[in-house]
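A.B. asks: Right, I'll just put the structure down here and ask away after.
Number of protein chains: 2
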Amino acid sequence: MDTVDGAPARRATRADVARYAGVSPAVVSYTVNAGPRAVAPATRERVLEAIRVLGYRPNAAARALKIGHTKMFGVVVPDSGNPFFVELGRVLEHTATAHGYALIVVNFDGPGHDVASSIRELALRQVDGMIVAAQVSMPTLNAISECGIRTVLINQFSAVDGVPSVGPDLYEGARTGVNHLIWHGHTNIGYVGEMGPPDVRERGWRDALTAAGLTAGPAAAAAFSREGGYAAGQKLVADDNRPTAIFVSSDFQAVGVLRALHEAGIAIPDEIAVVSFDGSPEAEYTWPALTTVQQPVAEMAEEAVERLVAPTASDDFSRYPTKLIVRQSCGCGMPA
Amino acid sequence: MDTVDGAPARRATRADVARYAGVSPAVVSYTVNAGPRAVAPATRERVLEAIRVLGYRPNAAARALKIGHTKMFGVVVPDSGNPFFVELGRVLEHTATAHGYALIVVNFDGPGHDVASSIRELALRQVDGMIVAAQVSMPTLNAISECGIRTVLINQFSAVDGVPSVGPDLYEGARTGVNHLIWHGHTNIGYVGEMGPPDVRERGWRDALTAAGLTAGPAAAAAFSREGGYAAGQKLVADDNRPTAIFVSSDFQAVGVLRALHEAGIAIPDEIAVVSFDGSPEAEYTWPALTTVQQPVAEMAEEAVERLVAPTASDDFSRYPTKLIVRQSCGCGMPA
DNA sequence: TTGAAAGCGGTACCAC
DNA sequence: GTGGTACCGCTTTCAA
């Protein structure tokens, strides 16, 4: 018993094509790459025919070795289950594909998988550039500079020395969201954010409140997940000083907050209003639909790959403005 | 003005390491790959030191060219925005990483991007294997056999000639879901499914009904998206013969159905109960939480990768049983 | 235990 | 317009 297609079936190479078409390997190259030398139409046809017959496809590894680049970008994301990163991945893929690049995306939510090792892994695979969607720490920065591969930070929240980055204006975004809640007349506005070092969004929340002469409502930090948001929501509901509105720093967590409120029998937005951050597609289909501060993911992704494709000397930080998407969870009712 | 790091900085190669360590290139190879020849401890140390100093990392393209494989798998998915495929991608990545493979995932929801061309694109990049998560058609099958790359079909619903595949038992799954609704006492059970050729789940829905002596409720086909589900939900709500329960063929669409019901002011599950299919993480956080027929994504992904890593001769179809996850949308109330 | 050298499959220069 | 050929960086056999 043998394999189904009995043929030993070595894949056809440039040399096979050349032999079949009766030309030199060089000419095959010229035809395939439409250059750098011109090829006579008749010869060209013969080569094309040979390629068709032999089912020839150029070996990407050989080409990469010779010309020194792979036409692949690496993408590092924290958690590919987060709808925001899902959306980011989508637009990144579309843009990269449009430029002829494929994406290797690695996420480091697995065990023993941190950002730095993900970066090194990608470097080994000779990607032409990397897009890192994570808060960078020192080891990460070291990994980036060591590997010597052009990298752009996305979803980064402030300038980082020596590495170009693009990210949303978190501070203004948070203020916009909170201000909308204030506009609705709320005076006790809570906050749900990630664990870890204090976030710019939290500052935005606090500053918006202060500017309006309000004091900060209760805040809860939780894991960056639906579950985390759920736990945080429960905490806020049980708070002695239960807020009448909550600003959540991500859609991902907001979904969990919504669930906590529903389970507690709290009417949204009448008893507690919610505004979140990100503007991912999932936010449109929660109940009630989330009013959310939207990041311009597509634009940011585009700039990120553009910066990889056509590197400029500048390594500055592009800060993108956010946009408030008004739906129902804030109390604005159905759109007209 | 020059680049920040003035060095021309050619990346160190095996030859540089050899020179620095005062050994031959071969020895560098032996050290790096721990074989196939042994290296004297002292020499080994010298080489390691040189590698460290020079920041040497082997060139993956050259290695791939030489040994003939890339340690990369290609993954083809229809829509990376669908939470089911998100989850699939996650587990696929974890399993593949565990086996030392990286993933290039392409999705063909973009313009001019069909399955066949995605497959060819991956073939060009010399992936060692492919996982295709799509209903395959003739052109797809042709693309697969032409490119001569080991492929396993995942999320496939029946055996396909000559290509190994793994998928859930859609028919039994659908019956399970519908039977649960029947158990709840419903007699008018509607269906929401994808556009296109009639689906096995639809048959499961119909057969379960028939077996219980019931007639099929209204059915609506819609785009495979949240929006599609929303539209289908609206249609069913407006139906002259409005069902008291709906079986939705995917969580993705069910989210939209839920929204349509909420907007129509219909109580879920009291006025209309809902059971869906897939069991993606998102389904746990809808309101009310979706009772759903869960696919064993992790197991299926694992088998798919395993079949690529250690190809067996068999090209059969592994059908996985599904599991009913009871939550609230069916009428079962809060868990104890 | 180490080294020399033959490729892997392309690219593109240089000569014709 | 075409062909010969020297590399790209690595793996591995074979000889020392």
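If you're matching them up, the sequences are chains H and E in order.
Numbering-wise (UniProt numbering), the first sequence opens with residue 1 and increments by one.
Numbering-wise (UniProt numbering), the second sequence opens with residue 1 and increments by one.
Built from N, CA and C at the ideal position, the CB exists for glycine as well.
1) Thinking C-alpha only, which one of H:E45, H:R10, H:I131 is nearest H:G22?
2) Taking H:G190 and H:I268 to be in contact with their CB atoms under 8 angstroms, please state how far apart those CB atoms are, rounded to whole angstroms.
3) Around the C-beta of H:P41, are 16 or more other C-beta atoms found within 10 angstroms, so that it is buried, or is it exposed?
4) Tell me, please, whether the CB atom of E:Y20 is closer than 8 angstroms to any CB atom in chain H?
5) Since H:R57 meets chain E, which of its residues come closer than 7 angstroms, beta carbon to beta carbon?
6) Just mark E:V274 as buried or exposed, buried being the case when its beta carbon has 16 or more other beta carbons within 10 Å.
7) Pull out every residue of the stretch 259-287 of chain H whose Cβ sits closer than 9 angstroms to any Cβ of chain E, in chain order.
8) List, in order along the chain, the chain H residues whose C-beta lies closer than 7 angstroms to that of E:L48?
9) Determine, using beta-carbon pairs with one atom in the stretch 155-167 of chain E and one in the stretch 128-139 of chain E, whether at least three such pairs fall under 8 angstroms.
10) Contact criterion: CB-CB distance below 8 angstroms. Does H:R11 meet it with respect to chain E?
11) Kindly list, in the order they appear in chain E, the residues whose Cβ is closer than 7 angstroms to that of H:A64.
12) Helix, strand or coil for H:R203, going by three-state DSSP, please let me know.
13) Excluding the 5 residues preceding and the 5 following E:A116 in the sequence, name in chain order all residues of the same chain whose CB lies nearer than 8 angstroms to its CB.
14) Under 8 angstroms, CB to CB, which of the residues in the stretch 161-189 of chain E have a partner in chain H?
15) If you drop the 5 nearest sequence neighbours on each side, which residues of the same chain put their C-beta closer than 7 angstroms to that of E:E303?
16) Okay, do the stretch 69-77 of chain H and the stretch 86-101 of chain H touch, 3+ Cβ pairs below 8 angstroms being the bar?
17) If the cut-off is 9 angstroms on Cβ atoms, which residues from the stretch 83-100 of chain E count as contacting chain H, listed in chain order?
18) Establish whether the CB of H:S80 and some CB of chain E are separated by less than 8 angstroms.
19) So for E:E271, helix, strand or coil by DSSP?
20) Cα-Cα, which of H:A264, H:V297, H:P288, H:V77 is closest to H:D278?
21) Are the stretch 171-183 of chain H and the stretch 227-242 of chain H touching by the rule of at least three beta carbon pairs closer than 8 angstroms?
22) Given this structure, state the Cα-to-Cα distance separating E:P58 from H:L48, to the nearest angstrom.
23) With 7 angstroms as the C-beta to C-beta threshold (strictly closer), list the residues of the stretch 214-242 of chain H near chain E in chain order.
24) Quick one: grab the DSSP three-state call for H:K323.
25) Cβ closer than 9 angstroms: which chain H residues qualify as neighbours of E:T291?
26) Quick one: what's H:P288 bridged to in DSSP?
27) Can you have a look at E:D251 and say buried or exposed, based on whether 16 or more other CB atoms are within 10 angstroms of its CB?
28) Using only alpha-carbon positions, find the residue among E:Q294, E:C330, E:V326 that is nearest to E:F84.
29) How would you call H:D240, buried or exposed, if buried means at least 16 neighbouring beta carbons within 10 angstroms?
30) What span of residues does the beta strand (DSSP E) with E:T151 cover, start to end?
31) Less than 8 angstroms separating the beta-carbons of H:A60 and E:R125?
32) Below 8 angstroms between beta carbons: does that hold for E:D290 and E:R327?
33) Within 10 Å of its beta-carbon, does H:A174 have 16 or more other beta-carbons around it, so buried, or fewer, so exposed?
34) State buried or exposed for E:V17, treating a residue as buried only when at least 16 other CB atoms are found within 10 Å of its CB.
35) Any residues in the stretch 138-153 of chain H with a beta carbon nearer than 7 angstroms to a beta carbon of chain E? Which ones, in chain order?
36) Under 8 angstroms by Cβ, that's how I've got H:G256 and H:G229 pegged, so tell me the actual separation to the nearest angstrom.
C.D. replies: Checking against the coordinates, here is how it stands:
1) H:E45
2) In fact, because the Cβ distance is near 13 angstroms, the residues do not count as touching under 8 angstroms.
3) Under a 10 Å Cβ-count criterion, H:P41 is classified as exposed, with fewer than 16 other Cβ atoms of the shown protein chains found around its own Cβ.
4) no
5) A123, L124
6) Buried, by the Cβ-count rule.
7) R259, H262, E263, P281, E282, E284, Y285, T286, W287
8) By Cβ distance, chain H contributes nothing, its closest Cβ being about 17 angstroms from E:L48, past 7 angstroms.
9) A contact exists between the stretch 155-167 of chain E and the stretch 128-139 of chain E.
10) Interface residue (Cβ-Cβ distance to chain E less than 8 angstroms): H:R11 is classified as such.
11) Contacts between H:A64 and chain E, judged by CB atoms closer than 7 angstroms, involve A61 in chain order.
12) helix
13) If the five residues before and after E:A116 are omitted, its C-beta is found closer than 8 angstroms to the C-beta atoms of P139, T140, N142, A143, all from its own chain and listed in chain order.
14) G162
15) V166, S318
16) Contact holds: three or more Cβ-Cβ distances are below 8 angstroms.
17) P83, V86, E87, G89, R90, E93, H94, T97, A98
18) Interface annotation, H:S80: in contact with chain E, CB-CB separation under 8 angstroms.
19) coil
20) In this structure, H:V297 is the residue among H:A264, H:V297, H:P288, H:V77 with its C-alpha nearest to the C-alpha of H:D278.
21) no
22) 35 angstroms
23) R226
24) Shown here, H:K323 sits in a strand according to DSSP, grouped into three states.
25) Neighbours of E:T291 on chain H: none; closest Cβ ~15 angstroms, over 9 angstroms.
26) Looking at the DSSP assignment, H:P288 forms no beta bridge with any residue, so it has no partner.
27) buried
28) E:Q294
29) exposed
30) 151-154
31) yes
32) With the sequence shown as reference, residue 290 of chain E is identified as Leu, and Asp is not the correct amino acid for it. Yes, the pair counts as a contact, with Cβ atoms nearer than the cut-off.
33) buried
34) buried
35) Answer in chain order: E146, G148.
36) 3 angstroms
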